[in-house]
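Residue numbers (the working numbering), protein chains in the order written: chain A, 1 to 411; chain B, 1001 to 1411. C-beta atoms are modelled at their ideal positions from N, C-alpha and C, and glycine is treated no differently.
2 protein chains.
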Amino acid sequence: MKKDIDHLMEAAGLDALFVLGAAQHNPFMTYFTGGAHVSSAYLIKKRGEEPFLYHNAMEREEAAKSGLECHDFNETDPLKLLKQAGGDVTRGRALQWETIFRRHGIQGRVGLYGELEIGPAFTALKLLDEALPDVEFVGETETEAVLLKARSTKDSPEIDHIRHIGRITTEVVGEVADYLTHCAVREETLINADGEPVTIGAIRKRINLALAAKGAENPEGTIFAQGRDAGIPHSVGQDDQAVMLGKTIVFDIYPCEAGGGYFYDFTRTWSLGYATDEALQLYEDVRDVYEKIMASLRPEIPCRDLQILTCELFEQKGHPTILNTPATQEGYVHSLAHGLGLAVHEAPHFQYAESNKDLLLPGSVVTIEPGLYYPSRGMGARIENPVWVRPDGKMETVVEYPLDFVLPMHP
Amino acid sequence: MKKDIDHLMEAAGLDALFVLGAAQHNPFMTYFTGGAHVSSAYLIKKRGEEPFLYHNAMEREEAAKSGLECHDFNETDPLKLLKQAGGDVTRGRALQWETIFRRHGIQGRVGLYGELEIGPAFTALKLLDEALPDVEFVGETETEAVLLKARSTKDSPEIDHIRHIGRITTEVVGEVADYLTHCAVREETLINADGEPVTIGAIRKRINLALAAKGAENPEGTIFAQGRDAGIPHSVGQDDQAVMLGKTIVFDIYPCEAGGGYFYDFTRTWSLGYATDEALQLYEDVRDVYEKIMASLRPEIPCRDLQILTCELFEQKGHPTILNTPATQEGYVHSLAHGLGLAVHEAPHFQYAESNKDLLLPGSVVTIEPGLYYPSRGMGARIENPVWVRPDGKMETVVEYPLDFVLPMHP
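Given below as structure tokens:
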């Protein structure tokens, strides 16, 4: 949580954090700036002090909305610095950073954060590194970074954001279910009001429309994968394919608040009208493992243990998994879960590698998502629900939604 | 253009390009992968050879859609590498890159590209740099990068993409104009069907809905700024403010194709019902400069000259500009234009700094956007149209749309 940052910095031996890039769709910056629409900014936080923001002069009113101490780039006289750099924009940026670091007395070990273009950033940071012998830049790993650790547990306002986008997400899922089950059917194919087959592309458009109407964005798209595509975990599905009865449909939706805030991540597997016995069995196996895992969640449990348990449960049912068949592309082939927040995938992590020391902690929000994949048999199934580990140690599914697999048609 | 890449690499003395990050909302990767939905990938292009892609095993079908030569991460045995790195994910990634570089014989000067988290990337690249003494990483500047130069002129399929999103954009602008001018009015305020004031927030929602319905995304939001906010170039406007008659409204919209493709960028300034004499004069000054600049465009003209000309034209009309009043926040305070493509802002650039050597070239797509800003007088105005420099040297406004300032109300 945000309140842990100074403590985490101390534990990591960091004297300051340096966060770069835009405030939108850049989780580390958004973590500090909230919804302020700032396209180019640098944020610095010294240990034990409040963070401050340098921003473009044109964006001063937006920057102020962040509630942070704000400084205009012009305070660094960027044109003079650009001239001093012989017109080299990257060198000019390094000089600007140097000016800011000296002005605010930044020294010691500085953690680097933010999503931006690696080319000029790599060069400018190397120049800055050389210019400031009393600063050591620390590009922390995905698992150890102070701000990832802070973000890996959520405080109450963050839970409100996740619940808000969760409600939007499940409402949209409900509307899609409602639309599909009220379509007419011709030769096992869903038919729209114009008498044409309902395509996956049309469903995807409907999803985007419904999300936009509710104030959400869908920057990473939607998985709506049927039959064989449902058997390939990250196939997004084929837009020109018609939606059919009796096929497994994996519907995985991961929108965020408009402007690039908190994400939700939610999956249901459906079979419209009826299901084959083989698909029913597949779904029951997934659902059973899902329920056993939900019952096994508790604070302080190593995430790695949950991944191993999932593999063991699936193997007991006769499915190959990546635990004992590492290269398998059938059976259970991915991680059980991941943290959810300003990024759709964040800490804690659930790989079974011994190096993974992540724990489920009070404040964690994780997406529990076991699945089984058999492209060769034309089917796949996954269930995914975000779960919040509450401060009192109880587990709470962030937004409830039915686990029904077969959706009866009632046109 | 893409066909220029080898030639540009030769001129820049680059032996290879190394592009990192997701394929969505990451222009340098999208430039090669098109619409393929790949969340984590490395692309390498050696000079004179076709590029190839390393991707997550789970995303093999999506990666294949790029049409590129594809390699699965598993070919590098990432678990063995992670073990060799003592479980340090960043060090494991550096070893994986080293494996790929050695396997494909990558040597010499390598240009770095792609948007990603700077922390782990900076560390992993420093490790790779140390491990490969025969490789020199080049983080090119914003103005000199080979791929930015390639992207700064568009080939015919790219123009088709920009025109497609341009048509969507202007259709949405037309729908918004239509909605606003058909609203009822009470005490100078627009009123919706429920008898409530029409807020800017409601208009923004309507814009997002209309964009989603047409298959576009709006990842960077929309400027819909009225009165004093219109006088601040990058104020996005206030959601709780009611839309009024007789105020300048700057409506700047910059959506992209769904999934993170090509952008459009378009601005109109409106005054609903009527305009004050002062606002009319302001708009006429902007429109006159816009038309003079449009008439001055020709292939090979330095972009810097166009920015200086714009300042001179505004100063002749008595407005302060950043040419002779560098710190001004009133008058003409930004650049005339920017390139438009997979990023909403890209080369060519129009700063008047002497270091700016960018030219308007056949294939350039630039947004011509002169504007005037007077927050103290509660108004601002901007006109923006993307223009394509055709291969025959003629200028073509990508999508035509009326320049009307006063929109008569007809409820």
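Per DSSP, cross-strand counterpart(s) of residue i
{"i": "residue 44 of chain A", "result": "A/18 and A/52"}
{"i": "residue 1270 of chain B", "result": "B/1249"}
{"i": "residue 276 of chain A", "result": "Residue 276 of chain A is not bridged to any residue."}
{"i": "residue 1072 of chain B", "result": "B/1055"}
{"i": "residue 191 of chain A", "result": "A/184 and A/197"}
{"i": "residue 109 of chain A", "result": "A/136"}
{"i": "residue 379 of chain A", "result": "A/374"}
{"i": "residue 397 of chain A", "result": "A/387"}
{"i": "residue 115 of chain A", "result": "B/1117"}
{"i": "residue 321 of chain A", "result": "A/332"}
{"i": "residue 1030 of chain B", "result": "BP columns for residue 1030 of chain B are empty, so no partner."}
{"i": "residue 339 of chain A", "result": "A/346 and A/366"}
{"i": "residue 423 of chain A", "result": "Past the boundaries of the shown model lies residue 423 of chain A; chain A is included only from 1 to 411, so the question cannot be answered."}
{"i": "residue 38 of chain A", "result": "Its beta-bridge partners do not exist; DSSP assigns none."}
{"i": "residue 1406 of chain B", "result": "B/1271"}
Residue from the options whose Cα sits closest to the Cα of residue i
{"i": "residue 1096 of chain B", "options": "B/1079, B/1069, B/1039 and B/1160", "result": "B/1079"}
{"i": "residue 1136 of chain B", "options": "A/152, A/148 and A/123", "result": "A/123"}
{"i": "residue 329 of chain A", "options": "A/201, A/257, A/230 and A/368", "result": "A/230"}
{"i": "residue 1104 of chain B", "options": "B/1084, B/1018, B/1169 and B/1067", "result": "B/1018"}
{"i": "residue 1205 of chain B", "options": "B/1195, B/1226, B/1172 and B/1194", "result": "B/1172"}
{"i": "residue 111 of chain A", "options": "A/14, A/264 and A/316", "result": "A/14"}
{"i": "residue 1275 of chain B", "options": "B/1244, B/1154, B/1288 and B/1305", "result": "B/1244"}
{"i": "residue 152 of chain A", "options": "A/41, A/1, A/306 and A/405", "result": "A/1"}
{"i": "residue 118 of chain A", "options": "B/1048, B/1027, B/1064 and B/1157", "result": "B/1027"}
{"i": "residue 67 of chain A", "options": "A/31, A/73, A/407 and A/164", "result": "A/31"}
{"i": "residue 271 of chain A", "options": "A/208, A/349, A/190 and A/139", "result": "A/190"}
{"i": "residue 1158 of chain B", "options": "B/1343, B/1236 and B/1182", "result": "B/1343"}
{"i": "residue 41 of chain A", "options": "A/69, A/49 and A/48", "result": "A/69"}
{"i": "residue 1290 of chain B", "options": "B/1390, B/1267, B/1194 and B/1060", "result": "B/1267"}
{"i": "residue 294 of chain A", "options": "A/254, A/283, A/387 and A/347", "result": "A/387"}
{"i": "residue 39 of chain A", "options": "B/1249, B/1088 and B/1235", "result": "B/1235"}
{"i": "residue 1202 of chain B", "options": "B/1051, B/1377, B/1179 and B/1185", "result": "B/1179"}
{"i": "residue 86 of chain A", "options": "B/1253, B/1407, B/1405 and B/1355", "result": "B/1355"}
{"i": "residue 154 of chain A", "options": "A/106, A/304, A/378 and A/360", "result": "A/360"}
{"i": "residue 160 of chain A", "options": "A/402, A/149 and A/398", "result": "A/398"}
{"i": "residue 1226 of chain B", "options": "B/1249, B/1239 and B/1215", "result": "B/1249"}
{"i": "residue 1116 of chain B", "options": "B/1003, B/1029, B/1033 and B/1194", "result": "B/1029"}
{"i": "residue 242 of chain A", "options": "A/221, A/185 and A/285", "result": "A/185"}
{"i": "residue 43 of chain A", "options": "A/82, A/101, A/187 and A/4", "result": "A/101"}
{"i": "residue 93 of chain A", "options": "A/60, A/379 and A/55", "result": "A/55"}
Expected contact under 8 Å - CB spacing of residue i and residue j to nearest Å
{"i": "residue 1393 of chain B", "j": "residue 1366 of chain B", "result": "The pair is not a contact, with the Cβ atoms about 15 Å apart (cut-off 8 Å)."}
{"i": "residue 318 of chain A", "j": "residue 409 of chain A", "result": "Going by Cβ atoms, the distance from residue 318 of chain A to residue 409 of chain A rounds to 32 Å, so no, they are not a contact pair."}
{"i": "residue 1383 of chain B", "j": "residue 1352 of chain B", "result": "Not quite, the Cβ-Cβ distance comes to about 20 Å (not below 8 Å), so this is no contact."}
{"i": "residue 1332 of chain B", "j": "residue 1371 of chain B", "result": "7 Å"}
{"i": "residue 72 of chain A", "j": "residue 57 of chain A", "result": "5 Å"}
{"i": "residue 252 of chain A", "j": "residue 223 of chain A", "result": "4 Å"}
{"i": "residue 150 of chain A", "j": "residue 8 of chain A", "result": "6 Å"}
{"i": "residue 20 of chain A", "j": "residue 114 of chain A", "result": "4 Å"}
Contacts around residue i, its chain only, beta-carbon distance under 8 Å, and the 5 residues preceding and following it disregarded
{"i": "residue 1259 of chain B", "result": "1024, 1035, 1037 and 1217"}
{"i": "residue 98 of chain A", "result": "128, 131 and 132"}
{"i": "residue 1306 of chain B", "result": "1293, 1296, 1297, 1336, 1337, 1350 and 1360"}
{"i": "residue 1239 of chain B", "result": "1199, 1200, 1201 and 1204"}
Sequence-distant residues of its chain with Cβ nearer than 7 Å to residue i (five each side left out)
{"i": "residue 292 of chain A", "result": "313"}
{"i": "residue 64 of chain A", "result": "70"}
{"i": "residue 327 of chain A", "result": "none"}
Close Cβ partners of residue i (< 6 Å) along its chain, the five nearest in sequence each way excluded
{"i": "residue 1046 of chain B", "result": "1016"}
{"i": "residue 108 of chain A", "result": "15"}
{"i": "residue 1256 of chain B", "result": "1217 and 1263"}
{"i": "residue 232 of chain A", "result": "375"}
{"i": "residue 1396 of chain B", "result": "1388 and 1390"}
{"i": "residue 1304 of chain B", "result": "1352 and 1356"}
{"i": "residue 1188 of chain B", "result": "1244 and 1245"}
{"i": "residue 279 of chain A", "result": "248, 271 and 379"}
is_contact[residue i, chain E] using C-beta, thresh 9 Å
{"i": "residue 1058 of chain B", "result": "Absent here is chain E; the protein component of the structure consists of chains A and B."}
Next on the checklist: For a minimum of 3 consecutive residues, which ranges assigned as the beta strand (DSSP E) are wholly contained in the segment 193 to 266 of chain A?
Outcome noted: List check, beta strand (DSSP E) in window: 222 to 226 and 249 to 253.
Checklist entry - Going along the chain, which unbroken runs of the beta strand (DSSP E) with 3 or more residues stay wholly within the segment 122 to 185 of chain A? => result 135 to 138
Item to check | Contiguous alpha helix (DSSP H) assignments of at least 4 residues, all confined to the segment 1276 to 1309 of chain B | outcome: 1277 to 1296
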